[in-house]
Amino acid sequence: MPNARWIVSMLNARTVVTSALLLSGLAAYAQDHPRRIVSFIPAVTEILFALGVGDRVVAVGSFDRHPPEIERLPRVGALLDPDLERILSLRPDLVTVYGSQTDLRAQLERAQVPIFVYSHAGLSDVTKTILDLGQRVGRPERARELTGEIERALQEARQRVASLPRPRTLIVFGRESLSLRGIYASGGYGFVHDMVTAAGGDNVFADLKQQAVQATAELIIARRPEVILELRAEPLTPDRQAKELATWTQLSSVPAVRDGRVHIIADPRVVVPGPRVGDGVELIARVLHGPK
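Position in the sequence shown (from 1) plus 643 gives the number in the working numbering.
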């Protein structure tokens, strides 16, 4: 029978081995799952916090607004002006980048900084991004849970408007202030088009399979939208909103203008393809069809 000293020595050895395995596992986790994340893409920032890893985010972009906790974090630029020096000074082990940022991607790769490449696409790609990012940061179960919540919200919205008339809708996401110059509208591709479609509207530029259409006044008159939706990220004062809406009276022959169906939705949930897109679709549906 083993003596007491042998048993104690074996227990001590097992403790050492267990500790070593635990430390090894933690090291592997730290290596596999990033702990210092720089995210200057608003949609990705929202996803990271929704996945429960907001405490790992060490910097965000110039245009990030949600959730409120990000206000304490440093800013590192945006799509056109990323601050590489500041990004590197934060010693990130993951940086989220737009697919179009080829120069930044090359610079980070040379610095051996891991990246997560993000691209704007359709509404279905929002859930794909959540699943991919959830896997990358070690939160696959939460990612599946979150995508399930989004898909249920979208399905409920589609069912609610299924039997309702679908107004021909011009979807504007950019123009010069107090002017009908420089109008950019959604074409028939991308998450904005998909959100309005899910909310029960028919995009007047659905036949143009591109994310953005430069829409002149003449083109808008020709397309004869029954509803004009302006989607904005930043809120407007009541006075400013009234002035921006009044700008459209120049196109009095357009059915949407004639019938008083020009609307501004100034809410990031309708322009950020993140975890709140279900709420965004519901907001658009309420404008198109009224409350539930």
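Cβ coordinates follow ideal geometry from the N, Cα and C atoms, glycine included.
| Item | Value |
| --- | --- |
| Name the two residues that bound the continuous beta strand (DSSP E) containing I814. | R811 to G817 |
| Alpha carbon to alpha carbon, how far is P711 from F692? | 11 Å |
| Just verifying my parser: in three-state terms, what is the DSSP assignment at H906? | strand |
| From F816 to R787, what does the alpha carbon distance come to, in whole angstroms? | 30 Å |
| Quick check on A858: buried or exposed, where buried means 16 or more other Cβ atoms within 10 Å of its Cβ? | buried |
| Is the region 723–741 touching the region 677–693, taking contact as three or more C-beta pairs under 8 Å? | yes |
| Does the distance from the CB of L888 to the CB of V905 come in under 7 Å? | yes |
| Throw me the rounded Cβ distance for the P911 and P868 pair, which I believe falls under 8 Å. | Not quite, the Cβ-Cβ distance comes to about 24 Å (not below 8 Å), so this is no contact. |
| DSSP beta-bridge partners for F706? | Note: F706 sits in no beta bridge, so no partner. |
| Quick one: Cα of V835 to Cα of D922, how far? | 13 Å |
| State the DSSP-derived secondary structure class of D845, mapped to helix, strand or coil. | strand |
| As a quick exercise: from Q884, L862, A928 and T880, pick the residue whose alpha carbon is nearest that of S896. | L862 |
| Please classify R679: does DSSP put it in a helix, a strand, or coil? | coil |
| Buried or exposed for S762, please, with buried defined as at least 16 other CB atoms from any protein chain shown within 10 angstroms of its CB. | exposed |
| Counting along the chain, where does the alpha helix (DSSP H) carrying S732 start and finish? | L727 to S732 |
| Whole angstroms are fine: how far does the CA of T790 sit from the CA of T770? | 5 Å |
| Given 8 Å as the limit, is there contact between the region 828–844 and the region 747–756, that is, 3 or more CB pairs closer than that? | no |
| In this structure, does DSSP put I713 in helix, strand or coil? | helix |
| Assuming E788 is part of the beta strand (DSSP E), what are its boundary residues? | Element bounds for E788: not the beta strand (DSSP E) but the alpha helix (DSSP H), P783 to V804. |
| Under 7 Å, do V924 and M838 count as touching if we go by C-beta distance? | yes |
| Kindly indicate which residue of I690, R708, R809 and I814 has the alpha-carbon position closest to the one of F759. | I690 |
| Quick check on E752: does DSSP put it in helix, strand or coil? | helix |
| On the DSSP letters alone, give me the boundaries of the alpha helix (DSSP H) that L862 sits inside. | A860 to R866 |
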